[in-house]
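Residue numbers for the sequence shown follow my numbering, beginning at 119 and rising by one. Heads up, the beta-carbon is just placed ideally off N, CA and C, and yes, glycines get one too. A quick note: this is a predicted structure, and the numbers were derived from the prediction, not measured.
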Amino acid sequence: MAWDKLSLREFIEKVADKNPTPGGGAVSALVCALAAALNEMVSNLTLARNDYSDWHAEMERTLENMKEIRLKMLEHIELDIKAFDEVIEAYKMPKETEEQKEARKTAIQEALKKAAKVPYEVCRYSREVLRFAEIVARWGNINAISDAVSAAELAFGAFQAAKANVLINLNSIKDEQFVEYMKHELRTLTGEAEGALKAVKEVAKERGKLGL
119 MAWDKLSLRE
129 FIEKVADKNP
139 TPGGGAVSAL
149 VCALAAALNE
159 MVSNLTLARN
169 DYSDWHAEME
179 RTLENMKEIR
189 LKMLEHIELD
199 IKAFDEVIEA
209 YKMPKETEEQ
219 KEARKTAIQE
229 ALKKAAKVPY
239 EVCRYSREVL
249 RFAEIVARWG
259 NINAISDAVS
269 AAELAFGAFQ
279 AAKANVLINL
289 NSIKDEQFVE
299 YMKHELRTLT
309 GEAEGALKAV
319 KEVAKERGKL
329 GL
């Protein structure tokens, strides 16, 4: 099934049913795609205004990057579902003989690594969407700054959801070097994502909008 071709209603209904896929990883990819789309919208609204011409180049760069991420994240919906399905299939492998047990164990570990890598990519791309949200918040059309903040909040939510899906898979992976590398990367990405979200909120406050 081409998951990214479903209507939004159909996709949500699939998430809600009794099947484990699409789950948190796929949903986080969709949310990241939506966040990127909001950055694109703010960029387009800025490009439509001549009084923002000094920042048109930045908006065009944002459009290019956000479109690429949006399309990649739609692909990652299906990649995440397939990765989870491969884990389930690996656990279903026969384990009657020692040879079968060993093959099953190897297949499970490889499938778990793949299932961790897909949401990890969502984390990376969500961090990028957050960085560009700061750009559109700072230099974009002031009338759409709430959309830039929304993009940042959604991207951070996607980041956190994807991170949870990485960590749940890491718990069952025996390769300590792989696990430590992934956790180190997540710690770095988390700091960057948190910093970018904070920056977007500060920019919105500086520009006299959304201050509480």
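Environment of residue i [buried if 16+ CB atoms lie within 10 Å]
{"i": "Ile-253", "result": "buried"}
{"i": "Leu-330", "result": "In this predicted model, Leu-330 has a pLDDT of only 47, less than 50, meaning its place in the structure is not dependable enough to derive any value."}
{"i": "Tyr-209", "result": "exposed"}
{"i": "Lys-323", "result": "exposed"}
{"i": "Asn-168", "result": "exposed"}
{"i": "Tyr-243", "result": "buried"}
{"i": "His-302", "result": "exposed"}
Coil, strand or helix - residue i by DSSP
{"i": "Ala-166", "result": "coil"}
{"i": "Met-211", "result": "coil"}
{"i": "Lys-281", "result": "helix"}
{"i": "Gly-141", "result": "coil"}
{"i": "Ala-120", "result": "coil"}
First through last residue of the alpha helix (DSSP H) which encompasses residue i
{"i": "Arg-305", "result": "294-324"}
{"i": "Ser-244", "result": "216-257"}
{"i": "Ile-130", "result": "126-134"}
Residue i to residue j span [Cα, whole Å]
{"i": "Cys-241", "j": "Thr-215", "result": "39 Å"}
{"i": "Glu-320", "j": "Lys-123", "result": "37 Å"}
{"i": "Phe-296", "j": "Arg-222", "result": "19 Å"}
{"i": "Thr-306", "j": "Phe-277", "result": "12 Å"}
{"i": "Pro-138", "j": "Lys-219", "result": "25 Å"}
{"i": "Ala-261", "j": "Phe-250", "result": "Per the sequence shown, the amino acid found at residue 261 is Asn instead of Ala. For Asn-261 and Phe-250, the distance between alpha carbons rounds to 17 Å."}
- Query: Taking one C-beta from the segment 177-184 and one from the segment 194-207 each time, how about it: are there three or more such pairs within less than 8 Å?
  - Reply: No: the two stretches stay apart, fewer than three of their Cβ pairs being nearer than 8 Å.
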